[in-house]
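Basically my numbering = 1-based index in the sequence shown + 6.
Backbone N, C-alpha and C fix where the C-beta goes; we use that ideal spot for every residue, glycine too.
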Amino acid sequence: MATTALERKLFVAGEWVETGDWFEVRSPYSGEVVGRVAKAGAEETKRAIDAAESAMREPLPAHKRAEILVRVAMALGRRHDEVARLISDEAGKPMKAARLEAKRAMSTYTFAAVEARKLAGEMVPMDAAQAGEGKLAFTLRQPIGVVGAISPFNFPLNLVAHKLAPALAAGCAVVLKPASQTPLSALLLAELEEEAGLPPGWLSVVAGSSSEIGDVLVEDERVKAITFTGSGAVGWKLKERAPKKKVNLELGNATPVIVAADADLDAAAKALAANSFSFAGQSCISVQRIYVERSAYDEFLQRFLPAVGALNVGDPGDEDTDVGPVIDADAKERILAWIEEARSGGAEVLAGGEERDDLIQPTVIGHAGPELKVSCEEVFGPVVTVNAVDSVDEAIELANSTRYGLQAGVFTRSLETALRAARELEFGGITVNEAPTFRSDQMPYGGVKDSGNTREGPHYAVRELTEERLVVLTLPS
Ligand code: NAP
7 MATTALERKL
17 FVAGEWVETG
27 DWFEVRSPYS
37 GEVVGRVAKA
47 GAEETKRAID
57 AAESAMREPL
67 PAHKRAEILV
77 RVAMALGRRH
87 DEVARLISDE
97 AGKPMKAARL
107 EAKRAMSTYT
117 FAAVEARKLA
127 GEMVPMDAAQ
137 AGEGKLAFTL
147 RQPIGVVGAI
157 SPFNFPLNLV
167 AHKLAPALAA
177 GCAVVLKPAS
187 QTPLSALLLA
197 ELEEEAGLPP
207 GWLSVVAGSS
217 SEIGDVLVED
227 ERVKAITFTG
237 SGAVGWKLKE
247 RAPKKKVNLE
257 LGNATPVIVA
267 ADADLDAAAK
277 ALAANSFSFA
287 GQSCISVQRI
297 YVERSAYDEF
307 LQRFLPAVGA
317 LNVGDPGDED
327 TDVGPVIDAD
337 AKERILAWIE
347 EARSGGAEVL
357 AGGEERDDLI
367 QPTVIGHAGP
377 ELKVSCEEVF
387 GPVVTVNAVD
397 SVDEAIELAN
407 STRYGLQAGV
417 FTRSLETALR
427 AARELEFGGI
437 TVNEAPTFRS
447 DQMPYGGVKD
457 SGNTREGPHY
467 AVRELTEERL
477 VVLTLPS
């Protein structure tokens with residue numbers, strides 16, 4: 007836990023500014039104040055957009071953008087302990103997971119630097135059509151314009167990195183609104199970008215009133231793209247309100263996993279126990295619904311339940327803690343109510359199901375009907391359902407019976423089952439013999455259905471934040 011609370015100004019138009027209004031960031035574990043942050047509203051957001059627009063009038067060459075991105079990656083490496091501790095303090099994330107996140111952010115910046123250097127359009131084969139004879143054509147990849155970025159609380163560093171680093175690689179200036187519960191890591195990243203040589207205006211971080219800042223980002227025509235990671239309730243509304251902008255959405259999931267009878271049950275149980283509960287299930291791809299072929303159900307549970315029981319629940323500041331608190335009291339109350347609904351709806355609580363020392367214990371629910379909230383809504387807490395199914399076909403049908411479509415997984419030794427699952431599961435990504443919580447930062451990552459409409463990962467995000475401009479040259483005859 008931080009011994010002294012940080013006082014953080016906003017980073018607007020290349021300056022660290024106060025607004026006369028402050029808000030507190032509290033540890034989700036101890037309730038202690040870990041930071042005080044200057045609160046932004048419409049005025050600071052407009053100033054940030056003004057600065058972003060004028061910064062982009064003098065484009066930064068690709069090699070300079072790449073050098074800045076590499077310097078940020080190196081600074082994240084040098085300041086690893088401090089960065090991981092900050093994530094843990096403000097998000098209540100166990101240190102193990104916070105360290106992993108800090109390392110992944112280095113990787114995100116490093117991959118973005120590569121993308122900055124190789125950003126290019128393509129040749130168009132003009133003489134493939136008669137009309138194109140005597141012409142040479144190619145495309146340029148132009149930055150889309152000023153980007154408004156909005157990020158969630160659960161990966162306060164790396165999901166901010168997935169907004170800032172590809173935008174800079176693409177040549178776009180950014181106005182970022184981080185989650186109010188976790189703005190400190192984003193402000194630290196702004197400090198690192200400034201130290202790495204980012205000229206004024208290319209990045210502003212406006213923490214504060216979501217509705218005021220959101221309204222300006224939606225209404226200001228100079229903001230050409232909004233990149234949003236968070237809940238569907240907020241994301242789809244933003245898209246509706248900004249029909250002329252590109253609105254890239256990375257949203258939630260109710261992540262399913264199929265365990266076929268022929269799977270390596272030891273490996274499946276181990277991977278799924280860890281990935282149902284890491285960061286108390288508050289990852290958009292936390293394992294939430296496990297479907298096990300009936301003949302392997304008991305054997306799977308015999309391995310899975312002890313692995314869940316072995317997780318250390320406690321202070322996120324301890325290096326050996328696996329499961330810490332959820333983000334706030336409202337989230338805790340909601341999750342406990344959903345567990346109660348499952349219990350009274352005929353499901354069987356096989357582990358956890360209660361809070362101890364203010365922490366929801368890792369909860370495993372068997373025989374969970376499809377109508378229960380823990381089955382069909384995103385729990386975003388330390389809760390997983392494990393149901394027996396008669397066949398892989400039934401498992402695929404149940405896995406797909408959701409409005410979400412981010413990632414899903416299958417454990418099997420059969421190539422045929424793996425490929426069938428890959429074809430038939432309606433999700434943006436499918437993992438085979440790995441929990442679908444897996445993400446490496448260069449992967450194309452994103453969902454279908456209610457889970458979103460875009461792909462992140464620097465290569466893919468840069469494509470989303472640039473536009474192709476066609477150039478046709480008529481050759482002298
Ligand atoms: P959230 O409540 O939707 O908040 C996300 C961001 O939106 C925050 O910065 C929030 O600001 C802001 N916001 C809220 N209302 C707004 C408005 N009217 N206009 C503009 N911005 C607004 O989500 P969360 O609770 O932080 O995060 C959890 C959700 O994110 C889950 O559904 C999870 O699955 C999803 N998620 C998805 C991915 C992915 O890559 N697909 C990754 C991580 C998380 P305030 O904090 O100030 O309210």
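The beta carbon of residue 313 sits closer than 6 Å to the beta carbons of 275, 276 and 279 from its chain, once the five residues preceding and following it are set aside; these are given in chain order.
One alpha carbon belongs to residue 21, the other to residue 44, and they sit about 13 Å apart. In this structure, residue 294 has its CB at a distance of at least 7 Å from all heavy atoms of the ligand NAP.
Burial state of residue 140 is exposed, judged by a 10 Å Cβ sphere holding fewer than 16 other Cβ atoms.
A residue is called buried when at least 16 other Cβ atoms come within 10 angstroms of its Cβ; residue 480 does not meet this threshold and is exposed. Cβ neighbours of residue 348 within its own chain (closer than 7 Å, five residues either side excluded): 371, 374, 378 and 380. Short note on residue 367: C-beta not closer than 7 Å to any heavy atom of the ligand NAP. For residue 89, the uninterrupted alpha helix (DSSP H) run begins and ends at 86-97, by DSSP.
Per DSSP, the unbroken alpha helix (DSSP H) holding residue 238 starts and ends at 238-247. Residue environment analysis places residue 288 among the buried positions, since at least 16 neighbouring C-beta atoms fall within 10 angstroms of its C-beta. Burial is judged here by how many other beta carbons sit within 10 angstroms of a residue's own beta carbon; residue 241 has at least 16 and is buried.
As summarised for the segment 136-176, the continuous beta strand (DSSP E) elements at least 3 residues long and confined to that stretch are 141-149 and 152-156, given in chain order.
Note: residue 252 is bridge-paired with 231 in the DSSP secondary-structure output. For residue 345, the enclosing alpha helix (DSSP H) covers residues 335-350. Judged by beta-carbon spacing, residue 115 lies within the 8 Å limit of residue 75, meaning their Cβ atoms are closer than that value.
Here residue 198 has 78 and 81 as same chain residues with Cβ atoms under 6 Å from its own Cβ, once five neighbours each way along the sequence are excluded. The alpha-carbon of residue 436 is positioned some 35 Å away from that of residue 213. One Cα belongs to residue 155, the other to residue 182, and the distance between them is close to 5 Å.
For residue 262, there is no enclosing alpha helix (DSSP H); the enclosing beta strand (DSSP E) has its first and last residue at 261-265.
For residue 331, the CB stays at least 7 Å from every heavy atom of the ligand NAP. Residue pairing of residue 12 in beta bridges, as defined by DSSP: 41.
Look at residue 393 here: in three-state DSSP terms it is strand. Going by beta carbons, residue 132 and residue 142 fall inside the 8 Å limit. In the DSSP secondary-structure assignment, residue 299 is bridged to 395. Secondary structure at residue 444: coil, using DSSP grouped into helix, strand and coil. Taking all protein chains shown into account, residue 33 has 16 or more neighbouring C-beta atoms within 10 Å of its C-beta and is therefore buried.
In terms of CA proximity to residue 304, 393 leads the group 51, 187, 102 and 393. A direct Cα-to-Cα measurement between residue 345 and residue 462 gives close to 33 Å. In the structure shown, the three-state DSSP call for residue 35 is coil. Of the residues 113, 63, 388 and 99, the one whose Cα lies closest to the Cα of residue 445 is 113. Using a 10 angstroms sphere on the CB of residue 69, the tally of other CB atoms stays under 16, which defines it as exposed. Three or more Cβ pairs closer than 8 Å define a contact, and the segment 174-192 meets that threshold against the segment 204-222.
Beta-bridge annotation (DSSP): residue 414 is paired with 436. Nearest to residue 151 by C-alpha distance, out of 285, 270 and 55, is 55. In the three-state scheme derived from DSSP, where H, G and I count as helix and E and B as strand, residue 457 is classed as helix. If you draw a straight line from the Cα of residue 410 to the Cα of residue 195, it comes to about 31 Å.
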